[in-house]
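Engineer: Take this structure first; my questions come after.
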Amino acid sequence: EAGVTQSPTHLIKTRGQQATLRCSPISGHTSVYWYQQALGLGLQFLLWYDEGEERNRGNFPPRFSGRQFPNYSSELNVNALELEDSALYLCASSRTSDSPLHFGNGTRLTVT
Amino acid sequence: GENVEQHPSTLSVQEGDSAVIKCTYSDSASNYFPWYKQELGKRPQLIIDIRSNVGEKKDQRIAVTLNKTAKHFSLHITETQPEDSAVYFCAASIMGSGTYKYIFGTGTRLKVLA
């Protein structure tokens, strides 16, 4: 089966701009999770979507937002970009909210 | 708040030796404990997981043990090989809670020396 796919692979933006990151879960998976991984650091939880609804969000400001579409794919939007938003953004999916997470390859966002 | 402590942060072993990474969790309701391996520039991949009704699980050279009383779990890699070099993350989760409950450890950078 195809894994979790994310696009774009790399994204370069300037401070103050907006970024949109996309994620397609594994076929049949209804839950999508977003994580931020700054260089050399761990996985910081951003958002969790399940069946089209936002179920939980991590400790991030409101300028981090997203949505899940009827086909279960998802978008992460980051407004008013700041330099410290530069990181690898990982998407993960699971078959149900009670199933293991499977990660995509990530989008590396660079803010200059 | 709830957290998962992971030790050590870095670990170097000689090829062929064993490696052990330990994690401690705080939420006694945690019932699912996955381990992820992240090679440089790649995505985290699930390598093994264990549920709270099991004390040990093995998959070839990899094993995970769980001590629910002490609230800690460990990853054991035997006969290490250079391709085992990566960052390993543990996590504790509560399946069935209806809310997000994945708490990741801070990662261990394992280096296997040839």
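Those protein sequences? They're chains B and A, same order as listed.
Counting along the first sequence from 1, when you hit position 41 you're at 41 in my numbering, and nothing is skipped either side.
Counting along the second sequence from 1, when you hit position 101 you're at 1101 in my numbering, and nothing is skipped either side.
Ideal placement from N, C-alpha and C gives every residue a C-beta, glycine not left out.
All figures in this text were calculated on a predicted structure; none of them were measured in a lab.
Output, in chain order, the set of chain B residues within a Cβ distance shorter than 7 Å of Tyr1100 of chain A.
Structural biologist: Under the 7 Å cutoff, chain B gives Phe45, Trp48, Arg55, Asn56.
Engineer: Select from the region 12-42 of chain B all residues with a C-beta closer than 7 Å to any C-beta belonging to chain A, and list them in chain order.
Structural biologist: The region 12-42 of chain B vs chain A, Cβ under 7 Å: Gly42.
Engineer: Assuming Gly104 of chain B contacts Val4 of chain B under a Cβ cut-off of 8 Å, what Cβ separation, rounded to an integer in Å, is found between them?
Structural biologist: Rounded, the Cβ-Cβ distance is 4 Å, consistent with contact.
Engineer: Does the beta carbon of Asn163 of chain B sit closer than 8 Å to a beta carbon anywhere in chain A?
Structural biologist: A query on residue 163 of chain B cannot be resolved here, the shown segment of chain B reaching from 1 to 112 and no further.
Engineer: Closer than 7 Å by beta-carbon distance: list the chain B residues that pair up with Pro1034 of chain A, in chain order.
Structural biologist: What Pro1034 of chain A touches in chain B: Pro100.
Engineer: So what does DSSP say about Pro1034 of chain A, is it helix, strand or coil?
Structural biologist: It is a strand residue.
Engineer: So what's Leu101 of chain B in DSSP terms, helix, strand or just coil?
Structural biologist: Leu101 of chain B falls in the coil class under three-state DSSP.
Engineer: Anything in chain B within Cβ reach of Phe1104 of chain A, meaning under 9 Å, just list it in chain order.
Structural biologist: Ordered by position in chain B, the residues that pass the 9 Å Cβ test against Phe1104 of chain A are Tyr35, Gly42, Leu43, Gln44, Phe45.
Engineer: Mind checking whether Gly106 of chain B and Arg1043 of chain A have CB atoms under 8 Å apart?
Structural biologist: Cβ distance < 8 Å, so Gly106 of chain B and Arg1043 of chain A count as in contact.
Engineer: Mind the definition here: the region 62-80 of chain B touches the region 14-34 of chain B only if three or more C-beta pairs lie below 8 Å; say whether that holds.
Structural biologist: The region 62-80 of chain B is in contact with the region 14-34 of chain B.
Engineer: Which residue or residues does DSSP assign as beta-bridge partners of Asp1059 of chain A?
Structural biologist: DSSP lists A:Ile1062 as partners of Asp1059 of chain A.
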